[in-house]
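First to last, the protein sequences are chains A and B. As numbered in this note's numbering, the first sequence has no gaps in its residue numbers, which increase by one up to the final residue, 329. As numbered in this note's numbering, the second sequence has no gaps in its residue numbers, which increase by one up to the final residue, 279. This report refers to the structure that appears directly beneath it.
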Amino acid sequence: MTSTGTHHERPVLGEKPDTGGPNRRPLARRARDWLTAFTFTVPALALFGLLVFAPILYALYVSFFNWGGFGAPSDFAGADNYIRLLDDPVFLGDLWRGLLLILLSVGIQLPFALAMAVLLNQKLRGRAFYRMLFFAPYVLSEVITGVLFSMIFAPDEGLADRTLGTIGLDGLGGLWFADQDNVLATVFLVMMWKYFGFHMTLYLAGLQGVPAELHEAARIDGAGPWQRFRHITLPLLGPTIRISVFLSVIGAIQLFDLVWVMTQGGPDHHSETMAVTLFQFGFKRYQIGYASAISIAMFLISLVFALAYQRFVLRRDTEGALTSMRGNR
Amino acid sequence: MIPTLRRKRMRSLPVHVTAWGVGVVMITPLLYAFVSGFKSTDQLSRNPFGLPSPWVASNYTDILASGAFWRMLGSSTLIAVGTTLLTVGSAALAAFALARFAFRGREVLFTLFTVGLMFPFAVAILPLFILLRTFGLLDDPWGVILPQAAFGLPMTIVILRGFFREIPGELEEAATLDGCSPFGFFWRILLPMARPALGTVSVLAVVASWNNFLLPLLVFSEPTWWTIPVGVQQFQGQYATDIARVFAYLVLAMVPALAFYAVAERQLIGGITMGATKG
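Below is the structure:
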């Protein structure tokens with residue numbers, strides 16, 4: 001439904017408002033309406049402008065300076081911070097690890113969540129309990145989850161290594177957060193524990209919209225369970241799946257709390273994310289200019305992804321809140 | 001009858017086993033933390049899997065007897081309530097204007113807010129911190145409440161606007177004819193009708209505030225206003241060697257969130273699906 005393509009659908013600037021009573025309202029009345037509407041938005045606009053937009057614009061400004069955070073930024077650096085970014089193995093590594101986490105989420109977590117949703121959509125004893133249990137970790141804060149799992153995956157002493165030891169696999173112990181090659185996979189396991197129930201819940205809501213008669217009719221026509229899933233459930237669940245992929249990608253790009261609590265990005269940057277790098281430079285090393293460049297890069301990546309996704313993937317599903325300016329009332 | 005029933009049972013066996021298996025994986029970390037909290041750390045390292053013998057309640061009771069835990073609970077609650085009132089209040093006013101008035105620039109404004117859905121705290125955290133420092137809002141609950149409210153606005157406005165638009169226009173015309181001002185209509189008719197939607201967005205705002213970590217971590221350097229997530233992280237650092245105590249602390253820190261989930265499950269799940277389909 002995005003309307004960026006055809007011109008006649010867009011309202012022309014200066015055109016009369018598309019709804020709201022007779023078109024020839026007196027100017028005074030229109031001005032009064034505008035004033036009323038504007039007054040209603042003032043509190044939200046003030047909060048949003050001052051605490052969301054202004055800081056981001058300020059970050060953009062600061063990203064062109066070398067700055068330690070005190071006094072006014074004065075050491076103008078041009079694009080140096082951005083050039084340094086493209087040459088920083090940690091930042092490039094962040095991008096790579098972010099991509100890996102996205103691939104793991106979309107390739108493993110979401111299909112798993114979908115399978116569990118289909119499973120819990122049928123009659124099953126304890127279904128309500130399972131649904132509640134699987135969603136529950138989503139309600140816990142990332143910090144509680146992170147501390148819990150940093151103890152469970154603690155080398156030798158943690159539950160995971162103890163279990164391995166009991167079943168005679170001691171050799172595999174100590175390889176969770178402490179190991180450079182496994183740390184990211186372990187972080188992903190925790191993410192899956194915490195978030196798959198969220199996606200499952202979205203899918204379960206989507207499955208409510210799949211009419212039972214369709215399945216019944218297909219069954220009568222001789223379609224097996226897999227065929228019915230492939231040709232009825234999956235297509236009808238399309239919009240929900242596309243939204244859940246979107247949320248999953250944005251979540252992976254912005255991942256911070258879990259990683260910070262469990263590994264602080266280590267060992268040797270092997271689980272570091274963009275947000276962790278930003279935090280390190282901003283609040284530990286006081287290179288505010290460089291950290292700001294990272295935050296702007298993070299914002300641009302999110303925004304470009306969101307716009308592209310809206311434009312090419314979601315356009316069938318939504319009103320295109322991000323890309324269209326259409327008066328869609 | 002009986003053979004078909006049995007066949008049905010056999011066929012659903014793998015389904016039961018899968019659900020049960022995943023359930024065990026999900027619940028084990030929580031149960032393990034709960035049970036371990038009743039052991040001494042020494043006992044925990046000798047007997048990691050079994051039930052505690054003897055059961056040691058002192059980890060739990062010590063924490064509950066300390067003022068620090070209750071102070072954190074209080075400040076988490078205060079901040080969550082403040083954030084929710086401010087977010088939902090200002091978002092409802094804005095959503096009303098964006099849903100029921102046709103004015104020039106309306107869609108631009110709405111787009112501006114929806115772009116805000118893309119802003120995580122991390123992106124703005126540096127300048128936000130500098131801003132809060134400049135205004136003297138560090139170590140002040142407003143320093144967390146105000147930014148949280150601002151970052152909660154986009155989702156709340158998107159959901160509420162969708163809801164407000166579904167309320168028939170005739171109602172507004174009738175109210176206007178009866179001499180109702182726009183604000184009167186908003187306050188006396190629209191808000192009461194939108195109670196379910198307001199409940200939903202409030203629950204989302206409470207959960208987001210309750211779990212927020214980065215902002216309170218940076219804003220509160222003194223323990224006075226520490227929220228639960230900040231406290232949990234500090235506690236882990238402080239008692240790194242006393243693992244059983246940290247488990248007990250984690251469990252107690254989970255209780256309010258899980259209790260809230262048990263009470264507000266419907267609003268929470270409704271809100272999440274609504275946010276995903278309308279956002």
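Each residue gets a CB set at the ideal place from its N, CA and C atoms; glycine is no exception.
Listed in chain order, the alpha helix (DSSP H) runs fully inside the stretch 23 to 48 of chain B are 41 to 46, counting runs of at least 4 residues. In the three-state DSSP reduction, N81/A falls in the helix class (H, G or I). Neighbours of D88/A in chain B, taken as residues at a C-beta separation under 9 Å, are lacking, since the least C-beta distance is about 17 Å. Ranked by Cα distance from F134/A, the options F149/A, E157/A, L204/A and A297/A are led by L204/A. The alpha carbon of V17/B has as its nearest neighbour, out of M116/A, P73/A and T36/A, the alpha carbon of M116/A. Annotation: S74/A has no Cβ neighbours in chain B at a cutoff of 7 Å; minimum Cβ distance is about 15 Å. Between F113/B and P154/B, the beta carbon gap of about 5 Å places them in contact (Cβ cut-off 8 Å). Pairing N182/A with S63/A, the inter-Cα distance amounts to about 34 Å. Taking V144/B as the centre and dropping the five residues before and after it, the same chain places the C-beta of I79, L215, P216 and V219 closer than 6 Å to its C-beta, in chain order. W70/B: member of the alpha helix (DSSP H) spanning G67 to R100, first to last residue.
Between the stretch 228 to 241 of chain A and the stretch 148 to 155 of chain A there are fewer than three inter-stretch CB-CB distances shorter than 8 Å, so the stretches are not counted as touching. Only those residues of the stretch 166 to 192 of chain B whose C-beta falls short of 7 Å from the nearest C-beta of chain A are listed: P182. In the DSSP assignment, D33/A falls within the unbroken alpha helix (DSSP H) covering L27 to F48.
Ranked by how close their Cα comes to the Cα of P147/B, the residues P168/B, I125/B and I159/B have I125/B in first place.
In this model, L92/A and W260/A are separated by some 19 Å (Cα to Cα). Assignment of F76/A by DSSP, reduced to helix, strand and coil, places it in the strand class.
Chain-order list of chain B residues neighbouring M116/A: T18, A19 and V22, by C-beta distance under 9 Å.
Cβ neighbours of A33/B within its own chain (closer than 6 Å, five residues either side excluded): F247, L250 and V251. Annotation: I272/B to I167/A spans about 41 Å, alpha carbon to alpha carbon. When only Cα atoms are considered, L175/A and P155/A end up about 7 Å apart. Between T186/A and F196/A, the gap from beta carbon to beta carbon reaches 8 Å or more. Counting only Cβ-Cβ distances below 9 Å, E157/A has contacts in chain B at L44, S45, P48 and I243, in chain order. Your pair A194/B and F256/A does not check out as a contact, with CB atoms roughly 34 Å apart and the cut at 8 Å. Here S40/B has V56 and A244 as same chain residues with Cβ atoms under 7 Å from its own Cβ, once five neighbours each way along the sequence are excluded. With a cutoff of 8 Å on beta-carbon distance, I228/B and L73/B are scored as near each other. Scanning D75/A, A223/A, V90/A and A59/A for the CA closest to the CA of D268/A turns up V90/A. For D161/A, the enclosing alpha helix (DSSP H) covers residues L159 to T166. What S302/A touches in chain B, judged by beta-carbon distance under 9 Å, is M118, F119, P120 and V123, going in chain order. Every unbroken stretch of the alpha helix (DSSP H) spanning 4 or more residues and falling wholly within the stretch 218 to 281 of chain A is given here in chain order: 225 to 228, 238 to 253, 257 to 262 and 274 to 279.
In the structure shown, the three-state DSSP call for F129/A is helix. According to the DSSP assignment, D94/A belongs to the alpha helix (DSSP H) that extends over P89 to L104. For a Cβ distance threshold of 9 Å, residue set Y261, A262 and E265 of chain B lies close to M132/A, ordered along the chain. Spatial neighbours of F153/A in its own chain (CB-CB distance under 7 Å, excluding positions within 5 residues in sequence) are listed in chain order as A160, W176, F177 and T186. Its chain contains G199, T200 and V203 as the residues whose beta carbon lies nearer than 7 Å to that of Q267/B, once the 5 sequence neighbours on both sides are disregarded; these appear in chain order. As computed with DSSP, N66/A is found in a beta bridge with D75/A. By the CB criterion at 8 Å, L114/A and R131/A fall outside the cutoff.
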